[in-house]
Structures are given as structure tokens and as C-alpha cells.
Amino acid sequence: MNVYEVIIIGGGASGLMAASSALSRNKKVAIIDMGENLARKVSISGGGKCNFTNGTADYKKYFGKNAKFTQSVLNHTQPKDLLAWMKNHGLNWVEKKPGQYFCATCANDVVKALLRDVKKARIFNNELVTDVYKRNNEFVIETTKNTFTTKSVIIATGGLSYASLGVSDLGYKTAKKFGHKIIPIRPALCAISTKIFPTELSGISFDVEISIGKEKFLDSMLITHFGLGGPAIYRATVRDIEQDIHLNILPNINIFEWLKNLKAIDGKKSLLKILATKLPIRLSKWLIQNESKNIADYKDIELKNISNRLSNIIIKKDNFKLYSLQTAEVVRGGVSTDEISSKTLESKLCPGLFFAGEVLDITGDLGGFNLHWAFASGILAGENA
Ligand SMILES: Cc1cc2nc3c(=O)[nH]c(=O)nc-3n(C[C@H](O)[C@H](O)[C@H](O)COP(=O)(O)OP(=O)(O)OC[C@H]3O[C@@H](n4cnc5c(N)ncnc54)[C@H](O)[C@@H]3O)c2cc1C
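In this text, residue positions in the sequence shown follow the working numbering: the first is 39, and each later residue adds one.
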């Protein structure tokens, strides 16, 4: 009989952590996953190095209708707890950028460690869950191969991004069936298509300061053949994108003062050569439209106009599109947190139904926040299911 005390639908980052914490309470646990291998997104995460947490994880790094929902989950599992988890599993880490922790070896080692923790669970892989419903006091879970019953089910089915790895909307459908609201999903942490730079500049990468709404951040940006990518753009797309994106392509300096000073002390130098000391040459040429004048030949007002242009390239909200769900690392949107307890991750509408990970309307910034959320929410759901 396929009867388990806790059944977890989805064997990704959140589902495996949920299974591990339910097992540590001596529960009889099953994990059902549609794929051949578990934790497939973890295995390709962080460019194969798995950026598994971020030392600055708090609710301000998360997006959704109610990002504060994350706070008690994040208090329960903090970055130091995930570092300790790595250490207990014989894994080291590298802090590539401040607060951004990657596995020192490879993402597959993190997957192996996750799998070691769930050895006592029954794993049903290559098994797509097609329906979840309630019969009397228990949940019935129908798959393409079996029927399962349980008193506690954890929905850890992830988002719909990166569909080539195998995704489904079962989590959203199930939540809806039990009365939960779904916040419409869209791609996030992804490239954008825009014609702001010409395609002949594709391949150029440089640091920019992005302003979107009230937020400002500095990171590298890549010009692609269809638009823009790179961490700076990824970070813009996870925010509310119904607004213009402003780029400062020479951040951290007062461009006008810098140019005016060079005009005074090195007037015979061409503007092109000057810009090329701080920006890629191809980009510099395009910015000044191949003009070959010396800096002394520019009036101050012209330098002012050039400075304004470099410090505020505006990508109007109607002039860009999120590139695609297929290539996005995550989705914004998902199961609304309104009807879910932030203390247990149990549905307030249907006792015994729990949610963890990306299926919820919680999305983290770039930098390890999404896996942190998946792990932390999985642990909490597994402790309560
Ligand atoms: C290329 C890429 C790189 C990334 N790098 C990072 C990174 O370095 N750091 C970071 O923090 N985040 C990263 N992310 C995001 C992170 O991987 C996800 O947010 C996280 O894996 C979500 O975990 P989850 O458990 O909620 O869902 P998932 O890991 O997506 O797991 C969901 C599981 O549910 C299963 N499933 C779905 N529907 C069904 C069904 N009907 N029946 C049975 N099984 C089902 C799926 O097969 C899947 O195994 C990256 C994402 C991508 C795509």
C-alpha cells in the first residue's frame, strides 16, 4: 500500500530538505518526482558551483506580494545554518562576492549530500503527479503509475522557469483546487530583449549602475544579440518591472568633472581614447558616434551633455521585454502567501497541505537567495508536516 505519513511532491532543493527534516522526526516519508534525477536545478545552479546561500538573506532581498512573509522562515534557517550544513556534509565553500557562498567543489556534491540525507525516504522518480484531492481525512495523490494516500502533503513543485529540466503547474493547480489564490507568474532573473544598443556591440560586458524605481545597484551587464543580460539585468528583472530602467555606464565617478579636468590638463587627447580608458573601445566608439575630436575641442556644455547621456541611458518600460520563461532562472508569482502560515508553511484553508520553495509567491534576488529560500522553507515545512 502506498500510504505514507508525509508525501513530498517534487524532489528539488526544497522537497529534499523537507524530506530530510520530516525523516529526522522519524516520519515515514515518500518523495515523488517526475524526473529521472532529483535536484536537477541544484546540479546546474551557480554555473555548476551552486550559490547555496547569501549572508545577507533577509526579507528585503525577496520579492512577492508580501515579502515580509519570509522573515520567520529566514529566522528559522539562517545563512550560518546552511554553512554548518555544508560543513557537516564535508563540503567547503567559497565566498565569491561579499556574502555570496558557492560550493568549493561542484553543485553535484551538494546534490549528493542532499540525497544522502533522504536515504530513508522512498523515492518515486519518473513519476508525474497528475492529481491531488481529499478523500475523508486524507489526501489522495494520483501519479502516472500509482495512487498514494497521506495525511500530510508538501507541495514542492518549484516554478515554471527553465522548462527543459522538467517542470509542471501541478503545484499551482492543487493550490487553486483547495481555494488558494495564485499570483500570475512571469520570468525573473533573466535577460531582456531591447534595441537600446545595436547588435554589433554584442558580447561586450561592463559594470553599470542600474536604477529601477527607488532601488540602485551596481553589477556587470552584457550586451547580447537580442538585448541585455548579465547579473545587473537579471537583478533588474526580479524587481517590479512596470517602470523604466536607468543605466549609468560610468558609475562611481562624476563624469562631467572627470572630463572637464582632462580637458584642462590633457586637452590634446581624443575623447575616444579617454572613454576607452574606462569602457570597452567598441562601446566608446559607438557612444561618441566615431567622432575623433580632441577633448579640448568640446565645449563644456557638450561635455555636460555627453556626461548626462553616459550616466543616464533610459530603457523605457515599453521598450524592453523579459526574454523568456525557458531561460529565466526563476519565476515571480506563484501561490499567494496570504492563506499560508508563515510559522509552519501549512495552508490556512486545508490542514495537512504544506508548501515550500519556488512554488510560493516568493522570489529572491540574484546571489544565493533562491536556494536559501528553497532550503529554509523546505526545512520548516518538513518540521511541521
Ligand atoms: C540555471 C539556473 C541556475 C540557478 N542558480 C542558482 C544559484 O546559484 N543560487 C540560487 O539561490 N538559485 C539558483 N537558481 C534558482 C534555484 O535553483 C531555484 O529557485 C530552486 O531550485 C527552487 O527549488 P524548488 O525545490 O522550489 O524547485 P525545483 O528545484 O524546481 O524542484 C521542483 C521539483 O518538482 C518536480 N515536479 C514538478 N511538478 C511535478 C509533478 N507534477 N510531479 C512530480 N514532480 C514534479 C520537478 O521535477 C522538480 O524536480 C538557479 C536556477 C536556474 C534555472
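Where is the CB? At the ideal position from N, CA and C, for every residue including glycine.
Endpoints, alpha helix (DSSP H) assigned at residue i
i	result
Val109	This sequence places Gln at residue 109; Val is not what is there. Segment 108–114, the alpha helix (DSSP H) holding Gln109.
His151	In the sequence as displayed, the identity of residue 151 is Ala instead of His. Its alpha helix (DSSP H) spans residues 145–154.
Ser322	319–325
Asp119	117–126
Arg160	Careful: Arg160 lies outside any alpha helix (DSSP H), inside the beta strand (DSSP E) at 160–162.
Asp309	Residue identity differs from the one stated: residue 309 is Leu in this sequence, not Asp. Leu309 -> alpha helix (DSSP H) spans 309–314.
Ile82	78–86
Rounded C-alpha distance that separates residue i from residue j
i	j	result
Ile350	Arg320	One detail in the question is off: residue 350 reads as Asn in this sequence, not Ile. Cα to Cα, Asn350 sits roughly 19 Å from Arg320.
Gly390	Cys88	32 Å
Gly209	Asp155	24 Å
Phe392	Val170	13 Å
Gly53	Ile46	6 Å
Arg370	Val41	34 Å
Phe264	Lys233	7 Å
Val373	Ser199	15 Å
Asp338	Asn290	21 Å
Ala229	Ser362	8 Å
Lys135	Ala95	14 Å
Glu388	Glu238	This sequence places Cys at residue 388; Glu is not what is there. Going by the C-alpha atoms only, they are around 55 Å apart.
Val70	Ala51	Per the sequence shown, the amino acid found at residue 70 is Ile instead of Val. Between Ile70 and Ala51, the C-alpha separation is close to 13 Å.
Thr168	Asp278	33 Å
Leu76	Ser322	47 Å
Asn64	Lys106	31 Å
Lys158	Val67	8 Å
Lys13	Leu325	What the structure shows of the chain is the stretch from 39 to 423, and residue 13 is not part of that stretch, so it cannot be assessed.
Met55	Ile417	5 Å
Val148	Asp282	38 Å
Pro236	Asn130	43 Å
Ser190	Glu176	8 Å
Where residue i sits in the DSSP three-state scheme
i	result
His410	helix
Pro289	coil
Ser202	helix
Tyr272	helix
Thr168	strand
Ser62	coil
Asn422	helix
Lys298	helix
Tyr97	helix
Leu54	helix
Leu391	strand
Ile400	coil
Gly416	helix
Ile234	coil
Thr375	helix
Lys355	helix
Leu360	strand
Leu239	helix
Continuous beta strand (DSSP E) stretch holding residue i: start and end
i	result
Asn346	Asn346 -> not in any beta strand (DSSP E); alpha helix (DSSP H) instead, spanning 338–349.
Ala226	220–226
Tyr210	Segment 208–215 is the alpha helix (DSSP H) holding Tyr210; no beta strand (DSSP E) there.
Ile47	41–47
Ile70	67–70
Thr91	89–92
Arg277	Per DSSP, Arg277 belongs to no beta strand (DSSP E) and is neither H nor E.
Gly197	It is not in any beta strand (DSSP E) - Gly197 carries neither H nor E in the DSSP assignment.
Phe264	Here Phe264 belongs to no beta strand (DSSP E), and DSSP marks it neither H nor E.
Thr382	It is not in any beta strand (DSSP E) - Thr382 carries neither H nor E in the DSSP assignment.
Ser249	243–250
Glu180	176–181
Glu329	Neither: Glu329 is in no beta strand (DSSP E) and is coded neither H nor E.
Lys157	Counting along the chain, Lys157 falls outside any beta strand (DSSP E), and DSSP gives it neither H nor E.
Sub-7 Å separation of residue i and residue j beta-carbons
i	j	result
Ala226	Val276	yes
Gly395	Ser415	yes
Ser243	Ser231	no
Tyr429	Thr91	This structure cannot settle anything about residue 429, because the visible part of the chain is limited to 39 through 423.
Ser81	Ala145	yes
Ala213	Val246	no
Ala419	Leu360	no
Met72	Gly204	yes
Gly406	Ala194	no
Gly503	Gly137	Here the chain covers residues 39 to 423 and nothing more, so residue 503 does not appear.
Ser345	Ile261	no
Ser59	Glu421	yes
Ligand 2 heavy atom lying under 6 Å from the CB of residue i
i	result
Lys79	Ligand 2 is not part of this structure, which contains only ligand 1.
message: Count Cβ pairs between the region 88–106 and the region 396–411 that sit closer than 8 Å; are there 3 or more?
response: Judged by Cβ distances under 8 Å, the region 88–106 makes contact with the region 396–411, as three or more pairs qualify.
query: Can at least three beta-carbon pairs, one atom from the region 161–169 and one from the region 320–338, be found at a separation below 8 Å?
result: Fewer than three pairs of CB atoms, one per stretch, sit closer than 8 Å, so the region 161–169 makes no contact with the region 320–338.
query: Using 8 Å as the Cβ pair cut-off and three pairs as the minimum, do the region 300–317 and the region 269–283 touch?
result: Segments in contact, no.
field: Touching by the beta-carbon criterion (3+ pairs, under 8 Å), the region 297–309 and the region 247–265
entry: Result no; under three Cβ-Cβ pairs closer than 8 Å.
task: Check whether the region 276–296 touches the region 337–351, counting contact only when three or more Cβ pairs, one atom from each stretch, lie closer than 8 Å.
output: Short answer: they touch.
- prompt: Does the region 407–422 come close enough to the region 109–122 that 3 or more CB-CB pairs lie under 8 Å?
  reply: Yes: at least three Cβ pairs fall under 8 Å.
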